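As structure tokens, the structure follows; a few thoughts come after it.
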Amino acid sequence: MATTPSSPSPMSQSVFPPPTAAQQRVLDRIALQRERLRARRAARAQSLALAQRDPGAGGMDESMALRAAGFAREHPLAVAAMAGVALVAGPRRLIRWAGVVLPMLMRLRR
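Under the UniProt record's numbering, the first residue of the sequence shown carries the number 1, and numbering increases by one thereafter.
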């Protein structure tokens, strides 16, 4: 016997009742989070592919010393200006400012 188009098949009926408004908001947030995670994964894969293609580009996986050396190579005038400011400021101020700036740099690295 053929089923009539007006009678729904058992496979098309949902096992769960429709979500309430609060449940739907939670489901929407979950969907957004999954989308963000997919985008983050895709961006990471793309950056890894670019880093493999151009190993001299200086990626985030390098140590702080290697990145600083790369920055010094690319921007010698900026490094000279910073060295001049450091000489004028003196060692006491440099140590005080290093105590402020280094924790911020470590947080940015994460």
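C-beta: ideal position from N, C-alpha, C; glycine also.
Model, not experiment: these values are computed from the prediction.
Is residue i near residue j, with beta carbons less than 7 Å apart?
| i | j | result |
| --- | --- | --- |
| Ala86 | Leu77 | no |
| Ala72 | Val79 | yes |
Since residue i and residue j are thought to touch, with beta carbons under 8 Å apart, how far apart are those beta carbons, to the nearest angstrom?
| i | j | result |
| --- | --- | --- |
| Leu27 | Pro17 | In fact, because the Cβ distance is near 13 Å, the residues do not count as touching under 8 Å. |
Nearest to residue i by CA position, among the options, is which residue?
| i | options | result |
| --- | --- | --- |
| Leu102 | Ala83, Met64, Gly90, Met82 | Met64 |
If you drop the 5 nearest sequence neighbours on each side, which residues of the same chain put their C-beta closer than 8 Å to that of residue i?
| i | result |
| --- | --- |
| Arg107 | none |
| Val15 | none |
Inside the region 14-58 only - alpha helix (DSSP H) runs reaching at least 4 residues: 21-53
Contained alpha helix (DSSP H) runs [length at least 4] in the region 53-102, N- to C-terminal order: 64-74, 76-89
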